[in-house]
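Numbering (the working numbering), first residue to last: 42 to 311.
Remarks on the structure that follows.
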Ligand code: DGL
């Protein structure tokens, strides 16, 4: 369906925390007039250390309730962990279009010259068959090195609260890729967690010259814009961010306001 009855119906962006802001930023660039509700399931953060069953149940349950309450025109799961595990299930239970975020292996495979691609994601993401399928479809004949970097999620969360990221943690994630067979030849790095582009300057410093980073935010924004291309948008009030557990507003509130999220609330506690 390409029309909507209510021009103020929001796009619902969902993540376990602030990672989805990287998708929001890309979305603002092409659909600045679109009303957005951002949901950060901080009561469930981090998703990356949970089981598939825990993530699927949590994401389907929350998005079911939120969609009923907020009546969004589209839901974007701005989280690789939730998307690689639960995208199919969420699509089955929701009636609105659902856009997921999956590791950008296809563009990375098109860019690499050495044929060695690194992939940083959560522990849950890197073990998914979804990633195996992307690798088989788009990176045949190339080397895909995967490494779990859960500490980077915490680093990105703290950075949004004004705390400088720990360089040793960033360096360790890069080393985890480089010390694998073929690692020194890596020239392309997939940021397979929406939190990680928030650390792009620090990652670039740790990587040094000659490694390009790739993530899916722009592609997802374009996909959303395409699905909503004939729709009207009216922002009736300032965009909101909903958390599922208490947060200290402080520095975070002013950073969120820079993304146009000027109202904060806690709902769906659990
Ligand atoms: N932002 C999420 C992702 O893209 C995961 C962070 C978490 O572990 O909750 O995978």
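Note that the Cβ used here is the ideal one computed from N, Cα and C, for glycine as well.
Given the structure is predicted, the values throughout are model-derived calculations rather than measurements.
Ignore the nearest five residues each way along the sequence and tell me which others in residue 104's own chain have a CB closer than 7 Å to its CB.
55, 116, 131, 135, listed in sequence order.
What residue from 65, 76, 299, 70 has the CA that sits closest to residue 277's CA?
76
Put residue 48 into one of helix, strand or coil per three-state DSSP.
coil
Beta-carbon proximity of residue 232 to residue 255, cut-off 8 Å
yes
Residue 229 bridges to which residues according to DSSP?
158, 253
Beta-carbon proximity of residue 191 to residue 90, cut-off 8 Å:
yes
Helix or strand or just coil, what does DSSP make of residue 202?
coil
Quick one: what does DSSP say residue 184 is sitting in, helix, strand or coil?
strand
Helix, strand or coil for residue 280? Go by DSSP, reduced to three states.
strand
In whole angstroms, give me the CA-to-CA distance for residue 47 and residue 154.
47 Å
Residue environment, residue 291, which counts as buried when at least 16 other CB atoms sit within 10 Å:
exposed
Contact check, residue 221 vs residue 186 under 8 Å by CB: the rounded distance?
Yes, residue 221 and residue 186 are in contact; Cβ-Cβ is about 5 Å, under 8 Å.
Considering only the alpha carbon of each residue, which of 261, 269, 230 lies closest to residue 250?
230
Buried or exposed (CB count within 10 angstroms, at least 16 for buried), residue 43
Model confidence at residue 43 stands at a pLDDT of 48, short of 50, so the residue's coordinates are unreliable; what they give is reported in the following sentence. Looking at its Cβ environment, which holds fewer than 16 other Cβ atoms inside 10 Å, residue 43 is exposed.
Nearest CA to the CA of residue 259: which residue from 88, 142, 178?
142
Can residue 285 be considered in contact with ligand 1, in the sense that its beta carbon sits closer than 7 Å to one or more heavy atoms?
no
How about residue 194: is its Cβ closer than 7 Å to a heavy atom in ligand 1?
yes
Beta-bridge partners of residue 55, as assigned by DSSP:
80, 118
Residue 235, buried or exposed, once every other Cβ within 10 Å from all chains shown has been counted against 16:
buried
Residue of 159, 133, 92, 300 minimising C-alpha distance to residue 214:
Ranking the options by Cα distance to residue 214, first place goes to 159.
Since residue 306 sits in a beta bridge, which residues does DSSP pair it with?
Paired residues: 283.
Extent of the continuous alpha helix (DSSP H) run through residue 267:
Its alpha helix (DSSP H) spans residues 258 to 268.
Residue 123 beta carbon less than 8 Å from that of residue 88:
yes
Does the beta-carbon of residue 56, which I'm using as the reference point, lie nearer than 7 Å to any heavy atom of ligand 1?
Yes, the beta carbon of residue 56 sits closer than 7 Å to at least one heavy atom of ligand 1.
First and last residue of the uninterrupted alpha helix (DSSP H) at residue 147:
Element bounds for residue 147: 146 to 152.
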